[in-house]
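Residue numbers (my numbering), protein chains in the order written: chain X, 14 to 765; chain A, 274 to 443.
For each residue, glycine too, the CB sits at the ideal point set by N, CA and C.
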C-alpha cells in the first residue's frame with residue numbers, strides 16, 4: 014500500500030477536512046470526533062480505495078461503454094436505470110483486490126465481530142453547502158462479517174452510478190466521471206429513540222427557530238419515512254419549546270417522546286455543530302441527553318435544483334420495501350378493483366335514458382372520477398412500478414447472475430389484462446382462419462367501408478351476409494365490451510373496429526411470426542425463484558418471497574392500470590358523445606370536430622341551460638406543416654444505436670404506428686416502429702418480424718413481450734419514428750441493439 | 274518491392290531486408306501492443322472501403338483478430354473478398370509532428386471463424402485485450418475474423434519504410 018495514498022483511515026485518525034480523500038460525510042464525522050462530539054467509532058475507505066478498485070477492474074471503461082452509447086440528455090429515466098443496473102452488475106461481479114480486502118480486514122479489527130455495522134456513502138462533494146445528496150447514494154445497515162462488508166462496500170461504490178445519482182448530477186451539471194466515493198464503516202448504535210435536528214427551520218432559515226424530530230427506535234425509520242415523528246419547533250435564543258406536534262403512530266400514547274433535558278441536549282449539540290462548521294446543519298442523532306450520539310451532520314438543503322420537474326420527481330420514486338408492500342396491498346386489494354368497478358359501473362349506465370340534467374351530472378361525475386384516478390395513477394401506481402426494479406436489484410445482489418436481466422423470468426406468465434385480450438384476439442383470428450365464409454364476409458365489408466364504420470352498422474351488415482357466423486359476432490361483441498372500451502389517440506377503440514378487424518384478417522391469414530421462446534427448465538419462473546431462495550438462505554426466505562410477489566404484482570398492475578384508466582377516459586368520451594348527439598339533434602350544436610375534454614364544460618352547460626346559444630365543436634384549424642426532416646438533405650441514417658431489448662436478427666420493411674389509423678395498416682412481417690408499444694396495441698406484436706421503439710428500457714412492456722415471443726427488438730432508438738419512414742428496408746439486430754437502414758451497396762460510388 | 278505501400282509517399286525507400294532485422298519486428302510489436310484500434314481496409318465490387326476496428330495480435334504477430342456485426346458493410350465485403358490490410362498508427366492530433374509518426378500496414382487474408390474451439394481461443398485473445406467488448410464479441414450477431422498476416426510494412430520518419438514478413442521467420 015502506498016503510504017501517501019492510504020486505502021483506509023480510522024475516523025479518529027483522519028486529519029484535516031479533506032473532502033477529496035474521505036468524502037463529505039467522513040470528513041465531517043472526523044471533525045466532529047476531534048471536536049469531542051460522540052460519534053460511533055469507525056473507519057473510512059478513502060477515495061483512493063475507490064480509484065484502486067475501478068482502475069484494477071477496468072470498471073471505468075465498462076462505464077464509459079455503457080454511458081457513451083447515448084447522451085445522458087437523450088436517455089429516458091428507464092434507460093438510465095437500465096444503464097445503472099448494468100454498471101451495478103459490473104461492480105458486483107468484480108472481486109476486491111487482495112490489497113483492498115486486507116485493508117477492510119484491518120479496519121474491521123476496530124469492532125467486535127458480532128457488532129452490526131453501517132456502511133455509508135461518503136462521496137466527494139456530497140452534502141456540501143451547495144447541494145445535498147441526501148438519499149441519493151446507498152447506505153447499508155446491519156452488516157456483519159468481512160464478506161458482507163466487501164459486498165456492501167461495492168454496492169455503496171456502485172451507487173455513485175445509480176440512476177438517481179446520475180440524474181441528480183446531471184441536474185447539478187456535475188460530471189459523474191469525475192466523481193469519487195469514499196465509504197464510512199461504523200458501528201451501529203442502538204437507542205430507544207433517534208431523530209433529525211435542524212439548526213434552523215428549513216422552510217424559512219431566517220426565523221430564529223430550530224427543529225427537532227424524533228421517532229422511537231433507529232433513525233432510519235424517520236429518514237425512510239416509515240414512522241411519523243414527534244416534531245418540536247425550538248427557539249434558538251431562549252432555547253424554549255415554541256410548539257410540539259405529536260407523530261401519528263399507532264403505539265403513540267400522546268406523550269412527548271423526548272424529555273425537556275433531551276431536547277436541550279439535542280439543541281445544544283446541533284447549535285455547537287453550527288458553530289464548529291459555520292453553517293447550519295441538519296444532524297441525525299440517536300440516544301438521549303446522557304448518551305447522545307451524532308450519526309451525521311450536513312448543511313441543511315433548503316432548495317433543490319429543479320430544472321426538470323419530472324426528473325426531480327423521479328428521485329423521490331424509490332419507496333422502501335415497507336412502503337412497496339403497503340402500496341401492493343392497497344393497489345391490488347383496493348385500488349385496482351375500485352378502478353375496474355368504476356369503469357364497469359360507467360359502462361353499465363344507460364346514458365340514452367337520462368334526461369339532460371342527469372346526463373350533465375353523469376358527465377361531471379365521470380370527469381371527476383377520471384381526474385381522481387389520474388392523480389392516484391401518478392401518486393401511487395407509478396411509484397409502485399419500482400416494485401419490479403426493487404426485484405431486479407434484490408435478485409442480482411443475492412444471485413449475482415451473469416445476465417442482469419435474468420430476474421425477468423420471474424415475471425413470466427402473469428395474467429395481464431393485455432395478455433387476456435390478446436388471447437381472445439388469437440381465438441377470433443383462428444375462427445376466421447377456419448371459417449372462410451366469415452372471413453370473406455368481413456373482408457368484403459372492410460373493402461367497402463373506410464375505417465370509420467361503426468361496429469353496430471358493421472355487425473348488422475355482417476349478419477346479412479351469407480355464411481356470417483353469429484358466434485363470431487358474439488365473441489367480437491364480447492371483446493369490444495371487455496377489452497376495447499379504451500381510448501387510443503383520443504378515440505374510443507370500440508367505436509372504430511375497422512383497424513382491429515383488419516388485424517384479425519391479417520392474423521388469420523398467416524401463422525404468427527413469434528416463435529415462443531421455449532423456456533428451459535433452468536430458466537423457468539419456478540427455477541429462478543428457487544435459485545433466489547437458495548441464494549438468500551432460509552432466514553430471508555419470507556423477505557425474498559415478499560420482494561418477488563411485490564415485483565410480480567407491480568409488473569402486472571402497471572400494465573393493467575393503463576388499460577383501466579383508459580377505460581374511464583373512454584367512458585367520459587362516451588358520455589360527451591351522447592350529449593353532443595343530443596344537442597346536435599336539437600340544433601344547438603354545430604361543427605364536426607373531435608370531442609375533447611376541453612368541450613366538457615360547454616356541453617354540460619348546454620345540457621343544463623336550454624337558453625345557451627349555439628355550441629360549436631370545431632377542431633382548431635391547424636395547417637399541416639410538412640414535418641421538418643430530421644436528417645438534412647444528402648444525409649441519411651445507416652446504422653442507429655439503441656438497446657438490445659430482445660435478441661434476434663431480422664430484416665423487413667418499416668411500418669410506423671403513430672396514430673389509430675396506422676393500426677389497421679400493419680401487415681405480417683413488417684417491422685413495427687413506434688414511440689412505445691402501448692397496452693392497446695400489443696396484439697400487433699405477433700405479426701411483426703421486428704420491433705423498433707423510441708422509448709428505451711429493458712423492462713418496458715414492449716421489450717418484455719418481444720422477448721417472450723422471440724421477436725427481435727431494439728428500443729431507445731432516438732427519433733426512430735421521425736428518422737424511419739414506412740417502406741424503409743431495415744435490419745433489426747436485437748443482440749447488439751443496432752438498426753441498419755438500407756442495403757450495404759456501392760451503387761452510388763459505381764455511378765462515378 | 275512494390276512502391277505503393279508506404280503511408281505517405283509512394284517513392285519512399287523501403288527496406289526489404291526487414292525479416293532479418295529483429296529491430297523492425299520489435300518496433301512493430303511495440304506499436305501494435307500500444308495501439309488498440311486499426312483501420313481495416315477491404316474491397317468489393319471494385320470499391321475499396323476502410324473502417325475502424327478493435328484488434329488483437331497473436332504473440333508471434335502471425336495473425337490478428339477483430340470482430341464486426343454481421344449487418345455491416347465490411348462484413349459483406351469480407352465475405353466477398355478475403356484480401357485485407359490493417360493500418361495501425363500513433364498519429365498525433367497536431368500537425369507538425371510528422372516525423373514522430375509511426376505506422377504499420379499489415380496485409381493478409383481474412384477468415385471468418387465459426388463457433389467452436391478456435392472461436393473460443395480467438396475471442397479470448399480479442400477480449401483479453403478489450404475486456405469491455407466481451408458482450409459485443411460474444412453476441413450471436415457478431416462475426417469474428419482472423420487475419421493471417423502476410424507482410425508488415427513499418428513506416429517512420431515520414432518516409433522510412435521497412436518490411437517484415439512473419440512467415441519468413443518461422
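| Asked | Found |
| --- | --- |
| Closer than 8 angstroms at the beta carbon, the chain X residues around residue 320 of chain A | 759, 762 and 763 |
| Residue 257 of chain A (DSSP reduced to helix, strand or coil) | This structure cannot speak to residue 257 of chain A, because chain A is shown only from 274 to 443. |
| Cutoff 7 angstroms; reference residue 615 of chain X; Cβ partners in own chain excluding five residues on either side | 628 |
| Per DSSP, the bridge partner or partners of residue 427 of chain A | A:377 and A:435 |
| From X:293, X:39 and X:240, residue whose alpha carbon lies closest to that of residue 270 of chain X | X:240 |
| Between the CA atoms of residue 728 of chain X and residue 661 of chain X - distance to the nearest angstrom | 13 angstroms |
| Simplified DSSP state of residue 292 of chain X, which is helix, strand or coil | coil |
| Within-8 angstroms CB hit, residue 416 of chain A to chain X | no |
| Same chain, Cβ closer than 7 angstroms to residue 80 of chain X, five either side skipped, listed in chain order | 96 |
| Residues that DSSP places opposite residue 57 of chain X in a beta bridge | X:22 and X:197 |
| Classification of residue 375 of chain A by the beta-carbon crowding that lies within 10 angstroms, buried from 16 upward | buried |
| Run of the alpha helix (DSSP H) containing residue 724 of chain X, from where it starts to where it stops | Here residue 724 of chain X belongs to no alpha helix (DSSP H), and DSSP marks it neither H nor E. |
| Residue 257 of chain X, enclosing beta strand (DSSP E) - first and last residue | 254-258 |
| Touching by the beta-carbon criterion (3+ pairs, under 8 angstroms), the region 327-335 of chain A and the region 302-314 of chain A | yes |
| Alpha-carbon spacing of residue 359 of chain A relative to residue 671 of chain X, whole angstroms | 45 angstroms |
| Beta-ladder partner(s) of residue 415 of chain A, from DSSP | A:342 |
| Contact list for the region 59-80 of chain X against chain A, Cβ threshold 7 angstroms | 71, 74, 75 and 78 |
| Spatially closest choice to residue 132 of chain X from X:587, X:200, X:173 and X:407, by CA coordinates | X:200 |
| Limits of the beta strand (DSSP E) - the one that residue 316 of chain A falls within | 310-317 |
| Residue-chain proximity (residue 365 of chain A, chain X), Cβ-Cβ < 8 angstroms | no |
| Reduced DSSP secondary structure (H/G/I, E/B, other) of residue 300 of chain X | coil |
| Whether residue 336 of chain A touches residue 424 of chain A by CB criterion (8 angstroms) | no |
| Cutoff 8 angstroms: residue 405 of chain A Cβ touching any chain X Cβ | yes |
| Proximal residues to residue 324 of chain A (C-beta, below 6 angstroms), its chain only, five neighbours per side dropped | 313 and 347 |
| Members of the region 343-355 of chain A near chain X, C-beta cut-off 9 angstroms | 343, 344, 345, 346, 347, 348, 349 and 350 |
| DSSP beta-bridge partners of residue 243 of chain X | X:227 |
| Close Cβ partners of residue 5 of chain X (< 6 angstroms) along its chain, the five nearest in sequence each way excluded | With chain X covering only 14 through 765, there is no way to say anything about residue 5 of chain X. |
| Whole-angstrom distance between residue 405 of chain X and residue 324 of chain X, CA atom to CA atom | Since pLDDT at residue 324 of chain X reaches only 45, below the 50 mark, its modelled position is unreliable, and the value read off the structure follows with that caveat. So the alpha carbons of these two residues sit roughly 21 angstroms apart. |
| Counted within 10 angstroms of its Cβ, other Cβ atoms place residue 404 of chain A as buried (16 or more) or exposed | exposed |
| Local Cβ density within 10 Å of residue 556 of chain X, reported as buried at 16 or more and exposed below that | exposed |
| Supposed contact pair residue 422 of chain A and residue 381 of chain A - C-beta distance, whole angstroms, cut 8 angstroms | 4 angstroms |
| Three-pair Cβ contact test at 8 angstroms for the region 293-311 of chain X versus the region 38-51 of chain X | yes |
| Identity of the residue in X:59, X:26 and X:123 nearest residue 44 of chain X by Cα | X:26 |
| Backbone CA spacing between residue 722 of chain X and residue 568 of chain X [nearest angstrom] | 17 angstroms |
| Any C-beta of chain X under 8 angstroms from that of residue 324 of chain A | no |
| Chain A within 8 angstroms of residue 95 of chain X, Cβ atoms only | no |
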